[in-house]
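Engineer: Numbering (the numbering used here), first residue to last: 26 to 159. The C-beta atom is built at its ideal place from N, Cα and C for all residues, glycine as well. All of these numbers come straight from a predicted model, not from anything done at the bench.
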Amino acid sequence: ADEALFVIFKYDGAFTTPGGTVNPAGNSATITGVTSFSDWTLARSSATTASGVTVGGRAVTAEGRGLRGARVTMIDSNGVARSTLTGALGRFQFDDVEPGQTYVVSVQSRRFTFSPRVVQVNDNISDLSFIAGQ
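Laid out in C-alpha coordinates, this is it:
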(Lines of atoms letter the chains of each structure in order from A and count residues from 1; the text may use other names and numbers.)
(Lines give C-alpha, C1' and ligand atoms only; values in the text may rest on other atoms or scores of the structure.)
Protein backbone atom coordinates (compact mmCIF):
# COMPACT_ATOMS: atom_id res chain seq x y z
CA ALA A 1 0.00 0.00 0.00
CA ASP A 2 1.10 3.58 -0.63
CA GLU A 3 2.20 5.56 2.41
CA ALA A 4 1.96 9.25 3.12
CA LEU A 5 4.14 11.10 5.62
CA PHE A 6 2.54 13.97 7.47
CA VAL A 7 3.04 16.24 10.46
CA ILE A 8 0.26 16.84 12.96
CA PHE A 9 0.44 19.81 15.31
CA LYS A 10 -1.93 22.05 17.18
CA TYR A 11 -1.58 25.62 15.99
CA ASP A 12 -1.56 28.15 18.86
CA GLY A 13 0.07 31.21 17.30
CA ALA A 14 -1.10 34.31 15.50
CA PHE A 15 -2.88 33.61 12.21
CA THR A 16 -0.24 32.94 9.55
CA THR A 17 0.10 30.27 6.94
CA PRO A 18 2.42 27.56 8.27
CA GLY A 19 4.91 25.83 6.03
CA GLY A 20 8.02 23.75 6.38
CA THR A 21 9.80 20.59 5.41
CA VAL A 22 9.71 16.97 6.53
CA ASN A 23 12.80 14.74 6.67
CA PRO A 24 11.49 11.15 6.88
CA ALA A 25 15.00 9.65 6.96
CA GLY A 26 15.91 11.75 10.01
CA ASN A 27 12.43 11.46 11.52
CA SER A 28 12.29 15.24 11.88
CA ALA A 29 10.39 18.26 10.60
CA THR A 30 10.96 22.00 10.36
CA ILE A 31 7.85 24.18 10.62
CA THR A 32 8.01 27.86 9.59
CA GLY A 33 5.51 30.70 10.04
CA VAL A 34 4.27 29.46 13.43
CA THR A 35 5.03 31.39 16.62
CA SER A 36 4.10 28.54 18.96
CA PHE A 37 2.48 25.14 18.77
CA SER A 38 1.81 22.07 20.88
CA ASP A 39 3.79 18.84 20.71
CA TRP A 40 3.82 17.47 17.20
CA THR A 41 3.84 14.00 15.77
CA LEU A 42 5.53 12.75 12.63
CA ALA A 43 3.42 9.87 11.40
CA ARG A 44 3.08 7.48 8.50
CA SER A 45 -0.32 6.63 7.15
CA SER A 46 -1.50 4.10 4.62
CA ALA A 47 -3.40 5.37 1.61
CA THR A 48 -6.61 4.15 3.23
CA THR A 49 -8.14 7.08 5.10
CA ALA A 50 -11.34 7.83 6.95
CA SER A 51 -14.30 8.67 4.79
CA GLY A 52 -14.74 12.39 4.42
CA VAL A 53 -15.78 15.01 1.93
CA THR A 54 -13.87 17.02 -0.65
CA VAL A 55 -13.31 20.78 -0.45
CA GLY A 56 -12.02 22.48 -3.57
CA GLY A 57 -12.16 25.59 -5.66
CA ARG A 58 -9.99 28.20 -7.36
CA ALA A 59 -7.69 31.09 -6.53
CA VAL A 60 -7.82 33.74 -9.25
CA THR A 61 -6.52 37.23 -9.97
CA ALA A 62 -8.90 40.20 -9.99
CA GLU A 63 -9.11 39.69 -13.78
CA GLY A 64 -10.21 36.07 -13.31
CA ARG A 65 -6.99 34.33 -14.33
CA GLY A 66 -6.13 31.18 -12.37
CA LEU A 67 -3.18 31.54 -10.02
CA ARG A 68 -0.81 28.54 -10.10
CA GLY A 69 1.44 27.81 -7.10
CA ALA A 70 -0.46 29.69 -4.38
CA ARG A 71 -0.56 27.96 -0.95
CA VAL A 72 -4.08 27.17 0.29
CA THR A 73 -4.36 26.28 4.00
CA MET A 74 -7.29 24.87 5.97
CA ILE A 75 -7.21 25.18 9.77
CA ASP A 76 -9.82 23.31 11.81
CA SER A 77 -11.34 24.41 15.13
CA ASN A 78 -8.61 22.47 17.00
CA GLY A 79 -5.87 24.41 15.21
CA VAL A 80 -4.77 21.53 12.98
CA ALA A 81 -3.61 22.88 9.62
CA ARG A 82 -3.23 21.24 6.24
CA SER A 83 -1.99 22.90 3.06
CA THR A 84 -1.85 22.35 -0.67
CA LEU A 85 -0.67 24.33 -3.70
CA THR A 86 -2.92 25.51 -6.49
CA GLY A 87 -2.42 23.78 -9.81
CA ALA A 88 -3.36 24.63 -13.35
CA LEU A 89 -6.02 27.32 -13.62
CA GLY A 90 -5.64 28.05 -9.87
CA ARG A 91 -7.48 24.91 -8.79
CA PHE A 92 -7.02 23.32 -5.36
CA GLN A 93 -8.60 20.40 -3.54
CA PHE A 94 -8.55 18.85 -0.07
CA ASP A 95 -9.72 15.24 0.22
CA ASP A 96 -11.05 13.41 3.28
CA VAL A 97 -12.19 16.57 5.08
CA GLU A 98 -14.25 15.83 8.17
CA PRO A 99 -17.83 17.03 7.58
CA GLY A 100 -19.76 18.93 10.24
CA GLN A 101 -16.75 21.10 11.09
CA THR A 102 -15.83 24.75 10.63
CA TYR A 103 -12.54 25.62 8.94
CA VAL A 104 -10.59 28.81 8.24
CA VAL A 105 -9.36 28.63 4.65
CA SER A 106 -6.68 31.05 3.47
CA VAL A 107 -4.62 31.61 0.33
CA GLN A 108 -1.09 32.95 0.35
CA SER A 109 0.73 34.23 -2.72
CA ARG A 110 3.89 36.27 -3.24
CA ARG A 111 2.15 38.65 -5.65
CA PHE A 112 -1.48 38.80 -4.52
CA THR A 113 -3.43 39.13 -1.27
CA PHE A 114 -6.54 37.16 -0.36
CA SER A 115 -8.91 37.41 2.60
CA PRO A 116 -9.28 34.25 4.70
CA ARG A 117 -12.75 32.70 4.84
CA VAL A 118 -14.60 30.74 7.49
CA VAL A 119 -16.24 27.71 5.88
CA GLN A 120 -18.80 25.33 7.42
CA VAL A 121 -18.26 21.97 5.73
CA ASN A 122 -21.29 19.67 5.67
CA ASP A 123 -20.91 18.14 2.21
CA ASN A 124 -18.59 18.26 -0.80
CA ILE A 125 -17.61 21.79 -1.87
CA SER A 126 -16.22 22.27 -5.36
CA ASP A 127 -16.73 26.00 -5.96
CA LEU A 128 -14.87 27.76 -3.13
CA SER A 129 -13.45 30.84 -4.88
CA PHE A 130 -10.77 33.23 -3.72
CA ILE A 131 -10.31 36.43 -5.75
CA ALA A 132 -7.11 38.47 -5.32
CA GLY A 133 -7.65 41.73 -3.44
CA GLN A 134 -10.94 40.64 -1.85
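(1) Can you tell me where the beta strand (DSSP E) holding T79 begins and where it ends?
(2) May I ask you to report which of helix, strand or coil DSSP gives A113?
(3) From the DSSP output, in three-state form, read off R136 for me.
(4) Does the distance from the CB of P141 to the CB of S151 come in under 9 Å?
(5) A95 and I156: beta carbons closer than 9 Å?
(6) Sort Q145, T109, L114 and V122 by Cα distance to S76 and report the nearest one.
(7) G158: buried (16+ other C-beta within 10 angstroms of its C-beta) or exposed?
(8) CA-CA distance, D64 and N149?
(9) Who are the Cβ neighbours of L114 in its own chain at under 6 Å, not counting the five residues just before and after it?
(10) Determine the extent of the beta strand (DSSP E) in which V105 is found, giving its start and end residues.
(11) Spatial neighbours of F40 within its chain, please: CB distance less than 6 Å, with the 5 preceding and 5 following residues excluded, ordered by chain position.
(12) Can you tell me which of V78, Q133, G104 and T127 puts its alpha carbon nearest to the alpha carbon of A84?
(13) With which residues is T154 paired in a DSSP beta bridge?
Structural biologist: Here's the rundown:
(1) V78 to V85
(2) helix
(3) coil
(4) no
(5) no
(6) V122
(7) exposed
(8) Low confidence applies here, because D64 scores a pLDDT of 49, under 50, leaving its location unreliable and the question unanswered by this model.
(9) G91
(10) Looking at the DSSP string, V105 is not in any beta strand (DSSP E), and its letter there is neither H nor E.
(11) At F40, the pLDDT of 42 sits below 50, so the modelled position is not reliable and the matter cannot be decided from this model.
(12) Q133
(13) Note on residue identity: the sequence assigns Ser, not Thr, to residue 154. Paired residue(s): R83.
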